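Student: Could you have a look at this structure, given as structure tokens, before my questions?
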Amino acid sequence: MAPKKEGDVVFSFNGKYVSWAHTVVAYAAFIGAFIVGVSLHYHKIVQNEHYGYPEEWFPSVSATIGDRYPERSVFMVFIAITSGPRFVLVGLFYLLTRRPKSSLPGIVAATGLFRTLTCGGWTYVTSTDDHDWHDIFMISYLVATLPWTLGCLALSPPNPASIKYRKVLAGLFFGTLVPLVYFFIQHKVHKVAGAYTIYAFFEWALILFDVAFDAVTALDFQTFELVVKDINGLSRGDAKLLKESVKEKDRDSALIHTSTFDGPYYWPAMLDALAEILHGYFFWSVLTSLGVLVWYFPLWHMGISGYEVMVMSTVSPFLLGVPFLRSLAIKHNRWVHMSSLVGLAAWLVKDPAHRLFTVGFAVWMGCLGWSAAWYAERRNSARLQSRILAWSIGLVLSSISKFANHTNNPVWPILHPGIGGWNKTALVVAIFAVWRSTRQVSTSGGDYVPPNARKGSSLLAGLGFGGLVFAMHSLLSDSSTMILWVWEGYPVRGPLAVPQGAVTLLVMSAGLFFGIALPGFFGSWTAFGLGSVGAALLTLYGNWTGFYGGLVLAFYTMGVAPVLISSAVQHNPAITFGLGFLFYNVMVLFHVWVVAYAFVPGGPLVREHTDWVMITTMLMIGAGVFSALITNGSHKQKTTSSPRERKQSAYYLHILLALQLLTGSIAYLRFPTNDYVPYHKDEKLITAGIWTIHFSLDNDMWSSERRMRDAIKELELDVVGLLESDLQRIIMGNRDTTQYLAEDLGMYVDFGPGPNKHTWGSALLSKFPIVNSTHHLLPSPVGELAPAIEATLDVYDTLVDVFVFHSGQEEDPEDRRLQSEYLAKLMGASSRPSILLSYLVVKPKEGNYNTYVGEVSGMHDIDRSDWDRWCEYILYKDIKRVGYARVSRGTITDTEIQVGKFVVGEPASYTDERIPEEQVPPGRRFPALFRGEGVRGHRYHVFDEPWYYA
Numbered sequence: 001m002a003p004k005k006e007g008d009v010v011f012s013f014n015g016k017y018v019s020w021a022h023t024v025v026a027y028a029a030f031i032g033a034f035i036v037g038v039s040l041h042y043h044k045i046v047q048n049e050h051y052g053y054p055e056e057w058f059p060s061v062s063a064t065i066g067d068r069y070p071e072r073s074v075f076m077v078f079i080a081i082t083s084g085p086r087f088v089l090v091g092l093f094y095l096l097t098r099r100p101k102s103s104l105p106g107i108v109a110a111t112g113l114f115r116t117l118t119c120g121g122w123t124y125v126t127s128t129d130d131h132d133w134h135d136i137f138m139i140s141y142l143v144a145t146l147p148w149t150l151g152c153l154a155l156s157p158p159n160p161a162s163i164k165y166r167k168v169l170a171g172l173f174f175g176t177l178v179p180l181v182y183f184f185i186q187h188k189v190h191k192v193a194g195a196y197t198i199y200a201f202f203e204w205a206l207i208l209f210d211v212a213f214d215a216v217t218a219l220d221f222q223t224f225e226l227v228v229k230d231i232n233g234l235s236r237g238d239a240k241l242l243k244e245s246v247k248e249k250d251r252d253s254a255l256i257h258t259s260t261f262d263g264p265y266y267w268p269a270m271l272d273a274l275a276e277i278l279h280g281y282f283f284w285s286v287l288t289s290l291g292v293l294v295w296y297f298p299l300w301h302m303g304i305s306g307y308e309v310m311v312m313s314t315v316s317p318f319l320l321g322v323p324f325l326r327s328l329a330i331k332h333n334r335w336v337h338m339s340s341l342v343g344l345a346a347w348l349v350k351d352p353a354h355r356l357f358t359v360g361f362a363v364w365m366g367c368l369g370w371s372a373a374w375y376a377e378r379r380n381s382a383r384l385q386s387r388i389l390a391w392s393i394g395l396v397l398s399s400i401s402k403f404a405n406h407t408n409n410p411v412w413p414i415l416h417p418g419i420g421g422w423n424k425t426a427l428v429v430a431i432f433a434v435w436r437s438t439r440q441v442s443t444s445g446g447d448y449v450p451p452n453a454r455k456g457s458s459l460l461a462g463l464g465f466g467g468l469v470f471a472m473h474s475l476l477s478d479s480s481t482m483i484l485w486v487w488e489g490y491p492v493r494g495p496l497a498v499p500q501g502a503v504t505l506l507v508m509s510a511g512l513f514f515g516i517a518l519p520g521f522f523g524s525w526t527a528f529g530l531g532s533v534g535a536a537l538l539t540l541y542g543n544w545t546g547f548y549g550g551l552v553l554a555f556y557t558m559g560v561a562p563v564l565i566s567s568a569v570q571h572n573p574a575i576t577f578g579l580g581f582l583f584y585n586v587m588v589l590f591h592v593w594v595v596a597y598a599f600v601p602g603g604p605l606v607r608e609h610t611d612w613v614m615i616t617t618m619l620m621i622g623a624g625v626f627s628a629l630i631t632n633g634s635h636k637q638k639t640t641s642s643p644r645e646r647k648q649s650a651y652y653l654h655i656l657l658a659l660q661l662l663t664g665s666i667a668y669l670r671f672p673t674n675d676y677v678p679y680h681k682d683e684k685l686i687t688a689g690i691w692t693i694h695f696s697l698d699n700d701m702w703s704s705e706r707r708m709r710d711a712i713k714e715l716e717l718d719v720v721g722l723l724e725s726d727l728q729r730i731i732m733g734n735r736d737t738t739q740y741l742a743e744d745l746g747m748y749v750d751f752g753p754g755p756n757k758h759t760w761g762s763a764l765l766s767k768f769p770i771v772n773s774t775h776h777l778l779p780s781p782v783g784e785l786a787p788a789i790e791a792t793l794d795v796y797d798t799l800v801d802v803f804v805f806h807s808g809q810e811e812d813p814e815d816r817r818l819q820s821e822y823l824a825k826l827m828g829a830s831s832r833p834s835i836l837l838s839y840l841v842v843k844p845k846e847g848n849y850n851t852y853v854g855e856v857s858g859m860h861d862i863d864r865s866d867w868d869r870w871c872e873y874i875l876y877k878d879i880k881r882v883g884y885a886r887v888s889r890g891t892i893t894d895t896e897i898q899v900g901k902f903v904v905g906e907p908a909s910y911t912d913e914r915i916p917e918e919q920v921p922p923g924r925r926f927p928a929l930f931r932g933e934g935v936r937g938h939r940y941h942v943f944d945e946p947w948y949y950a
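This is the structure we're talking about:
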């Protein structure tokens, strides 16, 4: 430290006035803008995209401080003045809390500076100036608020008053976020009148609490006195008016030690934790990709193909039953894991069968490597806990990556760089992560195991591990899976994939955190009972009730993972992990057979029994808990672990916290805008299509979302029905194609009957608001369930009913007859203009066709003269049909796209008399892009051009 320089005191003041200045000027910025805005532009600033005064009568913060003069200027002037005290406040808090050998004060100070700079960003770059950068600065500010708040709480000096106020204000701030998000969704999604006014109250409350939280520093800064000295005496002319001296204070007395965060932040240990988590992420990425590749083969063979045997790639831990192979896998664990990375390079293998074999080998080695690594650490509880955390957080990170990429994992081998894959980057990062995470580390001592320590059943432990992995994979490997289980259509009465998918990820992370903190509770029958209740609610109920049950189950599943794995490693790994993965495979097949029963031997025995799948899963986990109560109770953790080992888990949890900030940012960026516009609104045109998308896997085993998006956009479809669209099973990757299409194309989406309704899926995308929708399961006493969506759309202020329907397969004629009668009555009950987008499995003018098209339904074929159809049909009534086209599938699927053009507000016509395109107004014509050879394999085919009608 530099020596103190003597001089005259020119000016001095107590540090608390820095806090007061910051508080007063910050409040002046917001309150001043509010007063000016209400005085000059009240009706304009309470107006939003849906409502104005009197439905909305209180302005939001963004509307108040936004683009209008002079309130925007008032806000900017005062917020600029606030920056001075703000920088000083952050600096003083750092000086107050810094410690020798502690990095936390510096991290908190850096976060505070970052928040200050990003605040300037969203303040001076409004959404009108540059919407993207405004959002980037705003999201960064909000994300940094959590570590700043938690850091200030952790470093708060032992002043009871300041600690109390910080806790209260932090609780109020974060508690306000819940109703804030709720009323924003009510306004943005449900368009509830007055919801934005209530949202505005909570938004203003956030501002008040945020500034007040920092105002608490006034209680802490009283220990400081800021002094300005003239060391050269240039101000002596006024020296008599100034203080002559300042009382010396002991610097150390102002610094309060917080033992919880004492010691240096060991960055190599943080890097180790990050590498292990990435290692876990890549394991889950490869494992979750296997099912998608397996599914390709029965999908294109329309039955058992033989390639399904690759599901058994996970049973490699059986090899650990051979002592020599077990020793080899533990000694050379790095190379076992490194060999599993070929799964990330599998996208380079073009032949689908060879790509499947490549990923199967990777899964084989990955399961072997992780099982051997866990078993090797069975006597070192600190290292074992770290590896379990890495593996479990890897699942969370995998789900986050899918949340960010519309349910596709960007490192999957069904993607390549041309369609959104990060394959090259992933492979390079994975090599470094696995290399670092598998290097030898020095350990001291080990857990003490009494000679007569009791062990539970290895078979039950294996059952528990299998149930755990299946629950994680089937329900938690994608944040939207449980949400789609409980989805029941419009109006929205439950959670949405965005933003509530972030809630699923938060609860998963919280469950893992408490699982580490409270292993005794999660290993108890009480916790198991709560998890079982959650499973029952998820299975039996829809909307919010079912979702809350799913959150309870997610919380319990992640929390019980450390308990079950810690128990499993104390047994023969060939039994616990080998049998465990075998049981997991049986469950994978079980939960596919409940819907694929028509294609597998014995399938009808488990037809439509997702409830049996859930019961079996919970019983398996319960078996593991039973064994763990005995095993874990007899194996005590060591108490002589090194400081680095004791702190290691903290690094994993810090990364887990950072991942929650990332998740919140993703949810904000993906939040739907709902400002969708049809392609030809001036013509009052509705262009509707039907497409069987074959589970979004193309002929060459690539994900087809982007090319589907291009075809739908270029055909200018305002409404499109998608069939074979339910991908929310392990074997299909737990995906949801409609999320990407809806967000990229700007459309509302109804997923249709959910994954627990045992269908192959139907979905509806619409540029027009979906006023109401009902999901139907049509009579299917023998064959596959036939899903249907009945939706009412607001089309140019006219209500139009749209039906999306997938009939049962050809082998079950009685099912198809009953379904035709059901749907005919359903359509006939509608008195509104109606359109059917369907897959009927009939020949024109024969059999059940005359039930779908007839007096009962009131529906008419879009063109009765088109004889070359078997599956897809478009029917309509009470709406003017002006065009019809058939577009080839390209290499995306095995079914064409059929498109109809309709006009709202003109009399319907049912003749098949066609007119030349020259007589059709340009706005009602089909795109010329698909004439001739077309584009990317899509062209007008069968009759080689669109048909138009008068």
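Numbering (the UniProt record's numbering), first residue to last: 1 to 950. A virtual CB, placed ideally from N, CA and C, is assigned to each residue, including glycine. Every value quoted in this text rests on a predicted model; they were computed, and no experiment measured them.
Report all residues from its chain with a CB closer than 8 Å to the CB of Ser865; omit the five preceding and five following residues, and keep chain order.
Tutor: Counting from 1 along the sequence shown, the entry for residue 865 is found at position 865. Answer for Ser865: Asp912, listed in chain order.
Student: Jot down the residue ranges of each uninterrupted alpha helix (DSSP H) in the stretch 725-797, minimum 4 residues, whole runs only, in chain order.
Tutor: Counting whole runs of 4 or more residues, the stretch 725-797 contains the alpha helix (DSSP H) stretches 737-745.
Student: Specify, as a first and last residue, the run of the beta strand (DSSP E) that Val899 falls within.
Tutor: By 1-based counting over the sequence shown, the position of residue 899 is 899. Note, Val899: beta strand (DSSP E), Ile897 to Val903.
Student: Name the two residues that bound the continuous beta strand (DSSP E) containing Ser838.
Tutor: As a position in the sequence shown, residue 838 is number 838, starting the count at 1. Counting along the chain, the beta strand (DSSP E) containing Ser838 begins and ends at Ser834 to Tyr839.
Student: For Glu918, write down the residues that DSSP places opposite it in a beta bridge.
Tutor: Taking the first residue of the sequence shown as 1, we reach residue 918 at position 918. Glu918 is not bridged to any residue.
Student: Measuring straight from C-alpha to C-alpha, what distance separates Phe583 and Val492?
Tutor: Position 583 of the sequence shown, counted from the first residue, corresponds to residue 583. Position 492 of the sequence shown, counted from the first residue, corresponds to residue 492. Roughly 38 Å between the two C-alpha positions.
Student: DSSP beta-bridge partners for Ser703?
Tutor: In the sequence shown, the residue the question calls residue 703 occupies position 703. Bridge partners of Ser703: Leu697.
Student: Got a sec: is the Cβ-Cβ distance from Ser509 to anything in chain D below 8 Å?
Tutor: Of the protein chains in this structure there is only one, and it is not chain D.
Student: If contact is defined by three or more beta carbon pairs under 8 Å, each pair taking one atom from either stretch, is the stretch 591-603 in contact with the stretch 659-667?
Tutor: Verdict: no, contact absent.
Student: Would you mind listing the beta strand (DSSP E) stretches within the stretch 840-892 that are 3+ residues and don't spill past its ends, in chain order?
Tutor: Here the runs fully enclosed are 872-877 and 880-887.
Student: Rounded to whole angstroms, what's the CA-CA distance from Ala568 to Ile621? Just pull it up for me.
Tutor: The residue labelled residue 568 in the question sits at position 568 within the sequence shown. The residue labelled residue 621 in the question sits at position 621 within the sequence shown. The straight-line gap from Cα to Cα measures roughly 12 Å.
Student: With H, G and I counted as helix, E and B as strand and the rest as coil, what does DSSP make of Asn14?
Tutor: Residue 14 sits at position 14 when you count from the first residue of the sequence shown. Strand at Asn14.
Student: Between Glu49 and Asp675, how many whole angstroms is the CB-CB distance? I'm expecting something under 8 Å.
Tutor: Counting from 1 along the sequence shown, the entry for residue 49 is found at position 49. Counting from 1 along the sequence shown, the entry for residue 675 is found at position 675. Yes, they are in contact, since the Cβ atoms of Glu49 and Asp675 sit about 7 Å apart, within 8 Å.
Student: Beta strand (DSSP E) containing Leu723: first to last residue?
Tutor: Taking the first residue of the sequence shown as 1, we reach residue 723 at position 723. Taken as a continuous stretch (DSSP letters only), the beta strand (DSSP E) holding Leu723 covers Val719 to Leu723.
Student: Report the CB separation of Arg816 from Asn850 in whole angstroms; it is logged as a contact under 8 Å.
Tutor: Counting from 1 along the sequence shown, the entry for residue 816 is found at position 816. Counting from 1 along the sequence shown, the entry for residue 850 is found at position 850. Not quite, the Cβ-Cβ distance comes to about 13 Å (not below 8 Å), so this is no contact.
Student: Given Ala373, which residues of its chain have a CB within under 7 Å of its CB, disregarding the five upstream and five downstream residues?
Tutor: Taking the first residue of the sequence shown as 1, we reach residue 373 at position 373. Asn333 and Arg387, listed in sequence order.
Student: My assumption, with CB atoms under 8 Å, is that Thr126 sits in contact with Gly66. Please give the rounded CB distance.
Tutor: As a working note, residue 126 is residue 126 in the sequence shown. As a working note, residue 66 is residue 66 in the sequence shown. With 8 Å as the limit, Thr126 and Gly66 qualify as a contact, their Cβ atoms being about 6 Å apart.
Student: Cβ of Leu290 within 8 Å of Cβ of Gly394?
Tutor: For the purposes of this step, residue 290 is identified with residue 290 of the sequence shown, where counting begins at 1. For the purposes of this step, residue 394 is identified with residue 394 of the sequence shown, where counting begins at 1. No. Outside cutoff.
Student: What is the DSSP secondary structure of Phe926, counted as helix, strand or coil?
Tutor: On the sequence shown, position 926 is the one that residue 926 refers to. DSSP places Phe926 in coil when its eight states are reduced to three.
Student: In three-state DSSP terms, what is Asp801?
Tutor: Translated into the one-based positions of the sequence shown, residue 801 becomes position 801. DSSP places Asp801 in strand when its eight states are reduced to three.
Student: Among Val903, Glu814 and Leu579, whose alpha-carbon lies nearest the alpha-carbon of Asp682?
Tutor: Taking the sequence shown and counting its residues from 1, the one referred to as residue 682 is at position 682. With distances taken between Cα atoms, Asp682 lies closest to Val903.
Student: Taking the CB atoms as reference points, tell me whether Tyr948 and Gly883 lie closer together than 8 Å.
Tutor: Reading the sequence shown from its first residue, position 948 is the one you call residue 948. Reading the sequence shown from its first residue, position 883 is the one you call residue 883. Yes, Cβ-Cβ distance for Tyr948 and Gly883 is below 8 Å.
Student: Does the stretch 272-279 come close enough to the stretch 316-331 that 3 or more CB-CB pairs lie under 8 Å?
Tutor: Counting Cβ pairs under 8 Å, fewer than three are found: no touch.
Student: For residue 977, is the classification buried or exposed, using 16 other Cβ atoms within 10 angstroms of its Cβ as the cut-off for buried?
Tutor: Outside the displayed span of the chain (1 to 950) sits residue 977, for which this structure offers no information.
Student: Along the chain, which unbroken stretches of the alpha helix (DSSP H) at least 4 residues long are found entirely within the UniProt domain "PGAP2IP first transmembrane" (281-435)?
Tutor: Here the runs fully enclosed are 323-331, 333-340, 352-376 and 381-404.
Student: For Pro100, count neighbouring C-beta atoms within 10 Å of its own C-beta (all shown protein chains included) and say buried if the count is 16 or more, exposed if not.
Tutor: On the sequence shown, residue 100 is found 100 positions in, with the first residue counted as 1. Exposed is the call here.
Student: Go through its chain and collect everything with a Cβ distance to Pro147's Cβ below 6 Å, but skip five positions before and after it.
Tutor: Your numbering for residue 147 matches position 147 in the sequence shown. Around Pro147: Thr111.
Student: Is Ala688 helix, strand or coil when you go by DSSP?
Tutor: The count along the sequence shown starts at 1 and reaches residue 688 at position 688. Reduced to three states, the DSSP call for Ala688 is strand.
Student: Within 10 Å of its beta-carbon, does Glu56 have 16 or more other beta-carbons around it, so buried, or fewer, so exposed?
Tutor: Position 56 of the sequence shown, counted from the first residue, corresponds to residue 56. When all chains shown are included, Glu56 counts as buried.
Student: At what residues does the alpha helix (DSSP H) containing Leu484 begin and finish?
Tutor: Position 484 of the sequence shown, counting from 1, holds the residue named residue 484. Leu484 -> alpha helix (DSSP H) spans Thr481 to Trp485.
Student: Identify whether Asp214 lies in helix, strand or coil by the three-state DSSP scheme.
Tutor: Along the sequence shown, one-based indexing puts residue 214 at 214. Three-state result, Asp214: helix.
Student: For Val804 versus Ala788, is the C-beta spacing smaller than 8 Å?
Tutor: Here residue 804 is taken as the residue at index 804 of the sequence shown, counted from 1. Here residue 788 is taken as the residue at index 788 of the sequence shown, counted from 1. Yes, Cβ-Cβ distance for Val804 and Ala788 is below 8 Å.
Student: Could you pull the start and end residues of the alpha helix (DSSP H) that Val227 belongs to?
Tutor: Here residue 227 refers to the residue found at position 227 when the sequence shown is read from its first residue. Element bounds for Val227: not the alpha helix (DSSP H) but the beta strand (DSSP E), Glu225 to Asp230.
Student: Report all residues from its chain with a CB closer than 8 Å to the CB of Val294; omit the five preceding and five following residues, and keep chain order.
Tutor: As a position in the sequence shown, residue 294 is number 294, starting the count at 1. These residues qualify, in order along the chain: Tyr307, Glu308, Met310, Val311, Leu356 and Ile731.
Student: Beta carbon of Gln739, beta carbon of Leu506: below 8 Å?
Tutor: On the sequence shown, position 739 is the one that residue 739 refers to. On the sequence shown, position 506 is the one that residue 506 refers to. Not closer than 8 Å, so no.
Student: Just grab the DSSP bridge partners of Trp148 for me.
Tutor: Translated into positions along the sequence shown, residue 148 becomes position 148. DSSP output for Trp148 lists no bridge partner at all.
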